[in-house]
Amino acid sequence: MNYNWNWGIFLEASPDGTGSYLYTLFLGTRWTIAVSLTAWVAALVMGGVVGTLTTLPRRGWAMLGDAYIEFFRNIPLLVQMFLWFFVVPEIVPEAIGTWMKQTPNSSFWTAVVALAFFTSTRIAVQFRAGILSQARGQMMAAQALGMTLTQSYCYVILPMAFRIILPPLTSEFMNILKNSSVAMAVGLMELTAQTRAMQEFSFQVFEAFTVSTIIYIVINMVIVFGMRRLERWLAVPGFSFDRGAEADLRGGA
Amino acid sequence: MEKDEKTDEKAPPMILLDKVGKHYGNFRVLSGCSMQVAKGEVVVVCGPSGSGKSTLIKCVNGLEPFQEGEIFVNGVSVGAASTDLSKLRSHVGMVFQNFELFPHMTILENLTIAQIKVIKRDKAEAEQRAVELLHRVGLRIHATRFPGQLSGGQQQRVAIARALAMDPICMLFDEPTSALDPEMISEVLDVMTELAQDGMTMMCVTHEMGFAKRVAHRVAFIDQGEIVEDVSKDEFFDHPRSERAAQFLSRILHH
Ligand SMILES: Nc1ncnc2c1ncn2[C@@H]1O[C@H](COP(=O)(O)OP(=O)(O)OP(=O)(O)O)[C@@H](O)[C@H]1O
Ligand SMILES: [Mg+2]
Chain A
1 MNYNWNWGIF LEASPDGTGS YLYTLFLGTR WTIAVSLTAW VAALVMGGVV GTLTTLPRRG
61 WAMLGDAYIE FFRNIPLLVQ MFLWFFVVPE IVPEAIGTWM KQTPNSSFWT AVVALAFFTS
121 TRIAVQFRAG ILSQARGQMM AAQALGMTLT QSYCYVILPM AFRIILPPLT SEFMNILKNS
181 SVAMAVGLME LTAQTRAMQE FSFQVFEAFT VSTIIYIVIN MVIVFGMRRL ERWLAVPGFS
241 FDRGAEADLR GGA
Chain B
254 MEKDEKTDEK APPMILLDKV GKHYGNFRVL SGCSMQVAKG EVVVVCGPSG SGKSTLIKCV
314 NGLEPFQEGE IFVNGVSVGA ASTDLSKLRS HVGMVFQNFE LFPHMTILEN LTIAQIKVIK
374 RDKAEAEQRA VELLHRVGLR IHATRFPGQL SGGQQQRVAI ARALAMDPIC MLFDEPTSAL
434 DPEMISEVLD VMTELAQDGM TMMCVTHEMG FAKRVAHRVA FIDQGEIVED VSKDEFFDHP
494 RSERAAQFLS RILHH
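From first to last, the protein sequence lines are chains A and B.
Going by our numbering, the residue at position 41 of the first sequence is 41; the numbering climbs one at a time, nothing skipped.
Adding 253 to a residue's 1-based position in the second sequence gives its number in our numbering.
Here it is, written out as structure tokens:
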């Protein structure tokens, strides 16, 4: 292979005039983080709500939640991205469609919406599992004290469900970061897009992708570290996630 | 023995079950269950495994829906669509076989959460009541611990205190000691005995026949979803009327 390594390339100016290649990658990283974080918060809220719906004793709500999950998880992320970007603005009333197309950073918002819907289905399924893993007993205990269904969920069921699903939520957080690269398909100049641009302008493909790979890994390591901290912070003293292990706990009292 | 079944008509019963029936599809869990618990009375409900005891007692505060008959708690119909079940449950205490404390809350929070959120007591008052009750069940020093850090017997005493914190008009117990190691059973039964002596109205599903002999006024025996026997304690232990109850007793007393 005849390849000219040139690590100095990062300090050279990129032809789009924004600054050095290093700077363009920095801008890309910023978009990647912005998209991932925004979509993550939205997906967490939407997933929490939908996952809760699917466990409600009211049939209608549960079916609505199931339908949502099936719909948004069965369409590839890339297709959803295109749907939100190209199709939805055309089929909604014209005024809204125009507004969608002219909104500043429309590719950013499209990416956020698509990632949020897509990821929220996975989070919803996890919330559902977290809720159902607490035997019916917890719900009964809450209701026996006079709590309404809403109160039982808010004070008793959901706080534990959230703790139980923290480890899989960490993976979802990492997934959303990785999936955010799909946003380049709708024109968002996030990290992968900037890496591709650098490769095309400079022909230094190895340097470009080495650095962006490292950036992705570092961000994901920060996520893992942060989520571990959160897990530790929320840990319940004496609580074992294995409900059958109560005998062990007695020994520790 | 002075509690003759037909006579004490003065006060309306605290709990009244009138021909209660329940089924899951074709499977009958309860049929024609009628019984009463008067104010201040302690009734023990017993019967073989799977006979419908848990289902029956959970019907009393509407945790299990039922299709036939009626249940009244302090004169309020449990099955009526117009009944505010949350409100009714807020003054009917219930203790479960598996304690069901809220694991992410401290013991104190377990005792105050419903006081604050359901009956809107202010925090200071709720905590004062909680500490009082923890003292009463001998667990005051554990207020800041979490349920997972207590023994089963301690957890169950907390669960009783949690129910009492709502100032219930009656208490329902569903096998409160059957998940406990033998040495912890008595600490829970002692709390229940004291409660009975203070005049609490209690409906207890339990196989602790010693407790029944000491504390109960009446015993109801249930088999295959039917209340086979509902008699005074002495009658139940000395002369069980039905063959099934006699068999059950001989098995449970001689094992
Ligand atoms: N959700 C359900 N669907 C179908 N059958 C059920 C359901 N819940 C309970 N049953 C059945 O109803 C019957 C009564 O159950 P229940 O839990 O009330 O019995 P139990 O007397 O409390 O028994 P145990 O002493 O084992 O606690 C059992 O045969 C049980 O299998
Ligand atoms: Mg039972």
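The beta carbon of each residue, even a glycine, is placed where N, CA and C say it ideally should be.
Q. Whose C-alpha, out of W61/A, P76/A, T192/A and V113/A, is nearest the C-alpha of F85/A?
A. Counting from 1 along the first sequence, the entry for residue 85/A is found at position 85. Per the Cα distances, V113/A.
Cα-Cα separation between A340/B and G28/A, rounded to whole angstroms = Locating residue 340/B in the second sequence gives position 87, where the first residue counts as 1. Locating residue 28/A in the first sequence gives position 28, where the first residue counts as 1. Looking at the sequence itself, residue 340/B is Lys, so the reference to Ala does not match. In a straight line, the C-alpha of K340/B is about 56 Å away from that of G28/A.
Note the first and the last residue of the continuous beta strand (DSSP E) segment covering C423/B.
In the second sequence, residue 423/B corresponds to position 170, counting from 1. First-last of the beta strand (DSSP E) with C423/B: C423 to D427.
By Cβ distance below 7 Å, which residues in the same chain neighbour M437/B in space, the five residues on each side in sequence not counted? Taking the first residue of the second sequence as position 1, residue 437/B is located at position 184. If we look at M437/B and ignore the five residues flanking it on each side, its Cβ neighbours are S404, G405 and G406.
Within the continuous beta strand (DSSP E) that includes V345/B, where are the two ends? Here residue 345/B refers to the residue found at position 92 when the second sequence is read from its first residue. Per DSSP, V345/B belongs to the beta strand (DSSP E) from V345 to V348.
Using a Cβ cut-off of 7 Å, pull out every chain E residue sitting near Y155/A, in sequence order please.
Here the protein chains are A and B, and chain E is not one of them.
**Asked** Thinking C-alpha only, which one of P265/B, C312/B and V295/B is nearest H276/B?
**Response** Here the question's residue 276/B lines up with position 23 in the second sequence. The shortest C-alpha to C-alpha distance from H276/B to any of P265/B, C312/B and V295/B is the one to C312/B.
**Report entry** Alpha-carbon spacing of E385/B relative to D434/B, whole angstroms
**Finding:** By 1-based counting over the second sequence, the position of residue 385/B is 132. By 1-based counting over the second sequence, the position of residue 434/B is 181. Cα to Cα, the separation comes out at about 27 Å.
Quick check for students: name the residue ranges of the beta strand (DSSP E) that lie wholly in the stretch 316 to 402 of chain B, counting only runs of 3 or more. If you keep only unbroken beta strand (DSSP E) runs of at least 3 residues inside the stretch 316 to 402 of chain B, you get 321 to 326 and 345 to 348.
Q) Near R250/A, which residues of its chain fall below 7 Å by C-beta distance, leaving aside the five closest residues on each side in sequence? A) One-based indexing of the first sequence puts residue 250/A at position 250. Annotation note: pLDDT 41 at R250/A (below 50); position unreliable, coordinate value reported separately. Around R250/A, the same chain offers no residue with a beta carbon nearer than 7 Å, after the five sequence neighbours per side are excluded.
Using CA atoms only, rank isn't needed, just tell me which of L506/B, D487/B and E482/B is closest to E496/B. On the second sequence, residue 496/B is found 243 positions in, with the first residue counted as 1. Of the listed residues, the one whose Cα sits closest to E496/B is E482/B.
- Check whether the Cβ of L132/A lies closer than 8 Å to any Cβ atom in chain B. Mapped onto the first sequence, residue 132/A falls at position 132. So, not an interface residue.
query: How would you label K486/B, buried or exposed, when you count the other beta carbons within 10 angstroms and need 16 or more for buried?
result: As a first step, residue 486/B must be located in the second sequence, where it is residue number 233. So K486/B ends up on the buried side.
**Residue-chain proximity (F474/B, chain A), Cβ-Cβ < 8 Å** = Within the second sequence, residue 474/B is the residue found at index 221, counting from 1. Not a single C-beta of chain A is nearer than 8 Å to the C-beta of F474/B.
On the premise that R410/B lies in contact with L392/B, defined as a C-beta separation below 8 Å, what is that separation, rounded to the nearest angstrom?
Here residue 392/B is taken as the residue at index 139 of the second sequence, counted from 1. Here residue 410/B is taken as the residue at index 157 of the second sequence, counted from 1. Yes, L392/B and R410/B are in contact; Cβ-Cβ is about 6 Å, under 8 Å.
- Query: On the premise that A144/A lies in contact with M267/B, defined as a C-beta separation below 8 Å, what is that separation, rounded to the nearest angstrom?
  - Reply: As a first step, residue 267/B must be located in the second sequence, where it is residue number 14. As a first step, residue 144/A must be located in the first sequence, where it is residue number 144. The C-beta distance from M267/B to A144/A rounds to 17 Å, too long to fall under 8 Å, and the pair is not in contact.
**Asked** Should F489/B be flagged as near chain A, meaning a C-beta pair shorter than 8 Å?
**Response** For the purposes of this step, residue 489/B is identified with residue 236 of the second sequence, where counting begins at 1. It does not; no Cβ of chain A falls within 8 Å.
- Task: Please report how far the alpha carbon of Y23/A lies from the alpha carbon of I96/A, in whole angstroms.
- Result: Taking the first residue of the first sequence as position 1, residue 23/A is located at position 23. Taking the first residue of the first sequence as position 1, residue 96/A is located at position 96. About 35 Å.
Quick check on T150/A - is its C-beta less than 8 Å from some C-beta in chain B? Counting from 1 along the first sequence, the entry for residue 150/A is found at position 150. Between T150/A and chain B, the shortest Cβ-Cβ separation is not below 8 Å.
- [ ] Can you give me, in chain order, the residues of the stretch 310 to 330 of chain B that have a beta carbon less than 7 Å from any beta carbon in chain A?
- [x] Result list: N314 and L316.
message: Looking only at its chain, what residues have a beta carbon closer than 6 Å to the beta carbon of W99/A, apart from the 5 residues adjacent to it on each side?
response: Position 99 of the first sequence, counted from the start, is the residue given in the question as residue 99/A. If we look at W99/A and ignore the five residues flanking it on each side, it has no Cβ neighbours.
Q. Nearest chain A C-beta to N351/B closer than 8 Å, yes or no?
A. The residue you call residue 351/B lines up with position 98 of the second sequence. Yes, N351/B lies at the interface with chain A (some Cβ there is under 8 Å from its Cβ).
| request: Pair every Cβ in the stretch 109 to 127 of chain A with every Cβ in the stretch 48 to 56 of chain A, then say whether three or more of these pairs are closer than 8 Å. | output: Contact between the stretch 109 to 127 of chain A and the stretch 48 to 56 of chain A is present, because at least three Cβ pairs lie under 8 Å.
Taking the alpha helix (DSSP H) that D443/B belongs to, which residues open and close that run? For this step, residue 443/B is matched to residue 190 along the second sequence. It spans P435 to Q450 - the alpha helix (DSSP H) in which D443/B sits, taken as one unbroken run.
Between the C-alpha atoms of E380/B and L364/B, what's the straight-line distance to the nearest angstrom?
Within the second sequence, residue 380/B is the residue found at index 127, counting from 1. Within the second sequence, residue 364/B is the residue found at index 111, counting from 1. Rounded to the nearest angstrom, the two C-alpha atoms are 8 Å apart.
- Message: Let me check one thing: in DSSP terms, what residues is V295/B bridge-paired to?
- Response: Sequence index remark: in the second sequence, residue 295/B carries index 42 (1-based). Its beta-bridge partners are M455/B.
Requested in this report: Go through the residues and name those whose CB comes closer than 5 Å to any heavy atom of ligand 1, in chain order.
Outcome: Spelled out in chain order, the answer is Y277/B, V282/B, S302/B, G303/B, S304/B, G305/B, K306/B, S307/B and T308/B.
> At least one CB of chain A closer than 8 Å to the CB of H357/B: is that the case?
Replying inline: On the second sequence, position 104 is the one that residue 357/B refers to. Answer yes: the Cβ-Cβ gap between H357/B and chain A drops below 8 Å somewhere.
*So who's on the other strand from A473/B, going by DSSP bridges?*
The sequence position of residue 473/B within the second sequence is 220, counting from 1. Partner(s): V298/B and D483/B.
Neighbourhood of S20/A by C-beta, 8 Å cutoff - its chain only, sequence neighbours within 5 removed = For the purposes of this step, residue 20/A is taken as residue 20 along the first sequence, with counting starting at 1. The residues F10, L11, E12, A13 and S14, in chain order, have a CB closer than 8 Å to that of S20/A in the same chain once the five nearest residues on each side in sequence are set aside.
Cβ-Cβ separation, L309/B to V298/B (assumed contact under 8 Å), whole Å: For this step, residue 298/B is matched to residue 45 along the second sequence. For this step, residue 309/B is matched to residue 56 along the second sequence. Going by Cβ atoms, the distance from V298/B to L309/B rounds to 7 Å, so yes, they are a contact pair.
query = Can you tell which of M288/B, S284/B, K292/B and V273/B has its C-alpha closest to the C-alpha of D451/B?
reply = Reading the second sequence from its first residue, position 198 is the one you call residue 451/B. It is K292/B.
- Item | Three-state secondary structure assigned by DSSP to L283/B | Counting from one through the second sequence, the residue named residue 283/B turns up at place 30. When DSSP states are grouped into helix, strand and coil, L283/B belongs to the strand group.
| field | Contact test: D271/B Cβ vs ligand 4 heavy atom, cutoff 7 Å | value | Absent from the structure shown: ligand 4. Ligands present: ligand 1 and ligand 2.
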